[in-house]
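Chains as they are written, first to last, in UniProt numbering: chain H, 1 to 239; chain F, 1 to 328.
Using N, Cα and C, we set each Cβ at its ideal position, and we do this for glycine too.
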Amino acid sequence: MTVTELLPLIGIPIVVAGFALKFNPLLVVTVAGLATGLSVGMDIGTLLETFGEKFINSRSLAVYVLILPVIGLLESYGLKERAQDWISSMAAATSARILMLYFVLRQGLGALGLTYIGGQAQTVRPLLAPMVEGAATARYGELPLHIRDKLRAHSAACDNVAVFFGEDIFIAFGAVLLMDAFLKENGILGIEPLHLGLWAIPTAIAALVIHMFRLARLDASIARDIAAWKKTQGQEVTA
Amino acid sequence: MSALITINEIYYLIGVILMLLVGMTLRDKGNPKRLTTALFWFLFGTVFLFSDLLVASLGKPLAYRIIGVVVILISLIAGCGLLSIGTYKQRSAEQRQASANQIGNWIFLPAVLIPIVTVLCTVLLKGVSIGGLYLLDQKQLTLAALCVGCICAILAGWKLTGGTPLHAVRESRRLLDAIGWASVLPQMLAMLGGVFVAAHTGKSVQDVVSLFVNPDSRFMLVVIYCVGMALFTMIMGNAFAAFPVLTAGIALPFLIVGHHADPAPLVTIGMLAGYCGTLMTPMGANYNIVPAALLELKDKYLVIKTQIPTALTLLAANILLMYFLVFR
């Protein structure tokens, strides 16, 4: 195999090295794109054209900008404070139970194509994370920073896992359409988007089982963390 | 047939919000790099406000080239560390607690309106037209519905809190500054994926795999495809970008042609194996790094670390599912 055949791969080591050396990801991606294009003989004009076209065509990835004003406004009028007070008043609500309920709802809605209903900006920051934190605060009092962050990270993860492995069941979702177009372009006919959606179900079930198993152990793990933290606090006081 | 609310109008709205934030950043004397920070968001806003206009007036090739230059400028500003966080007039903790007590649980209404209105519009306004004009863009129905949801929410928030829509935009600057350059990364990665397809990177992957893998071993090929999708997605930050490259490079020649694997479960599970990679990479910025910033986590990789156990177990599950489902 010759060097020319390997040249289209040049972007991959650039991305890996750029990231390892902690350069700004935007810069790394741009350099990787330029290097890949130039190495296979695209002229700079065509390359810029590809850059611009793909960037314009993926503008929908930025719609969360629309949600930020509402969230910002509500937060300045006490949205988080209220969410935490409200959850604290419910005795049965533990952090893990709230996350499990959210996971099932989010995955189910995603499977129906309603992927924009949840999300990091629209639901995790304003509602889910404050509620999960509120439930733990009600149980243990003011939380230390690392446990607060652990709960927040679990809230974000819960949203991601649920939507990733729910949305592909919905036949009109982008990924399904992308696969459909790929198969047709490569001469594989007779597969409907519906089939692709159905084959996403086994993985969706696996994701549900795996993540629920982890969440089922979360409350106990938080209790252990709190106990360990209290112990170190106690040592500092006596020392 | 056109629509009352089209996806392009949503882009204009995003552009207008970004431009308002540019103005506010310029006036923020507390931001040490306010000029370059403002320039960054101005250039990003330009893409939403003017690219349709550029395409219409200059034609696609020239307009795309201009945006290509804008994109490079954006990455240079971020790459040289010229973005910084501003200062914001925030209401105090006491004020927030007081309005929380006063407004009560009604404060959830605008936040809950976003999903509810989105669902209702998606379900009820699908295919609904008046006098030959669709109410919502039918090709991007959920996005258009989301936009309606946001507008309803902002109006409800206005009524409920007494803070104006402009106040809302002012508050959003705090959130967008915290996200920073990561808000542009998803589109940058889509761009890199486009270049890879144009450069036929998939063919090179196929050549490399054929050097190292015995094409008769079904299980190894399945493992290579699934793990490859996860790894390549980690590099690209996006399973969509990895999919055409790896499927053309591995799944198509070795598994479908070579071993007559059933294409439908093969590509579906392949894509989902890629999603396992998205859970484990900082390049999947809008899922992993943006939320870490939104949630003000001290460790910006904590979301990724939390997801790794689920991602690895699920990747193994996908390998087994693929092996048993595609060779029936």
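(message) Quick check on Y11 of chain F: buried or exposed, where buried means 16 or more other Cβ atoms within 10 Å of its Cβ?
(response) buried
(request) For G202 of chain F, collect the residues of the same chain with a Cβ closer than 6 Å to its Cβ; drop the 5 residues on either side in sequence, then sort them by chain order. (result) V245, A248 and G249
(request) Name the residue from H:E53, H:V16 and H:L208 whose alpha carbon lies nearest to the alpha carbon of A190 of chain F. (result) H:E53
(message) Only counting the same chain, and skipping five residues up and downstream in sequence, which positions put a Cβ closer than 8 Å to that of L109 of chain F?
(response) A156 and L160
(message) Considering only the alpha carbon of each residue, which of H:R97, H:L34, H:W229 and H:P193 lies closest to L195 of chain F?
(response) A quick correction: the sequence has Val, not Leu, at residue 195 of chain F. When each option's Cα is compared against that of V195 of chain F, the closest is H:L34.
(request) Using a threshold of 9 Å, state whether the C-beta atoms of L252 of chain F and N186 of chain H are closer than that. (result) yes
(message) Checking 9 Å against the spacing of the C-beta atoms, do Q307 of chain F and A157 of chain H come in under that value?
(response) yes
(message) Applying the 10 Å Cβ sphere with the 16-neighbour rule, what's the burial state of P8 of chain H?
(response) buried
(message) If I follow the unbroken beta strand (DSSP E) through I5 of chain F, where does it start and stop?
(response) A3 to I5
(message) Give me the chain F residues within the contact set of A121 of chain H, using Cβ-Cβ distance strictly less than 7 Å, ordered along the chain.
(response) L294
(message) Contact criterion: CB-CB distance below 9 Å. Does E142 of chain H meet it with respect to chain F?
(response) no
(message) Against chain H, which members of the segment 187-204 of chain F pass a CB distance test of less than 8 Å?
(response) Q187, M188, L189, A190, M191, L192, G193, G194, V195, F196, A198, A199, H200, T201, K203 and S204
(message) With three or more beta-carbon pairs closer than 8 Å as the criterion, would you say the segment 79-93 of chain F touches the segment 113-125 of chain F?
(response) no
(message) If the criterion is Cβ atoms closer than 9 Å, does the pair N318 of chain F and L272 of chain F meet it?
(response) yes
(message) So, under 8 Å CB-CB, residue 349 of chain F and I5 of chain F are touching, yes? Tell me the CB distance rounded to an integer number of Å.
(response) The structure shown does not extend to residue 349 of chain F, since chain F spans only 1 to 328, so no value can be given for it.
(request) Establish whether the CB of R91 of chain F and some CB of chain H are separated by less than 9 Å. (result) yes
(message) I want to know whether the segment 194-207 of chain H touches the segment 162-169 of chain H - three or more CB-CB distances under 8 Å.
(response) yes
(message) What would DSSP say about Y287 of chain F, mapped onto helix, strand or coil?
(response) helix
(message) Going by beta-carbon coordinates alone, are M234 of chain F and F243 of chain F separated by less than 9 Å?
(response) no
(request) Would you please verify whether the beta carbon of residue 383 of chain F is less than 9 Å from any beta carbon of chain H? (result) Look at the range of chain F in this structure, 1 to 328, and you will see that residue 383 of chain F is not part of it.
(message) According to DSSP, I151 of chain F sits in a beta bridge with which residue or residues?
(response) Its beta-bridge partners do not exist; DSSP assigns none.
(message) If we define contact as Cβ-Cβ less than 9 Å, is L178 of chain H a contact residue for chain F?
(response) yes
(request) Reducing DSSP to helix, strand and coil, say where I66 of chain F ends up. (result) helix
(request) Return the first residue and the last residue of the alpha helix (DSSP H) that Y323 of chain F is part of. (result) L302 to V326
(request) Drop a sphere of 10 angstroms on the beta-carbon of W106 of chain F, count the other beta-carbons inside from all chains shown, and report buried for 16 or more, exposed for fewer. (result) exposed
(request) Give a yes or no on whether the C-beta atoms belonging to L26 of chain F and I74 of chain F are separated by under 9 Å. (result) no
(request) Could you tell me which residues DSSP pairs with G210 of chain F in its beta bridges? (result) It is worth fixing the name first, because residue 210 of chain F is Ser in this sequence and not Gly. Per DSSP, none; premise fails for S210 of chain F.
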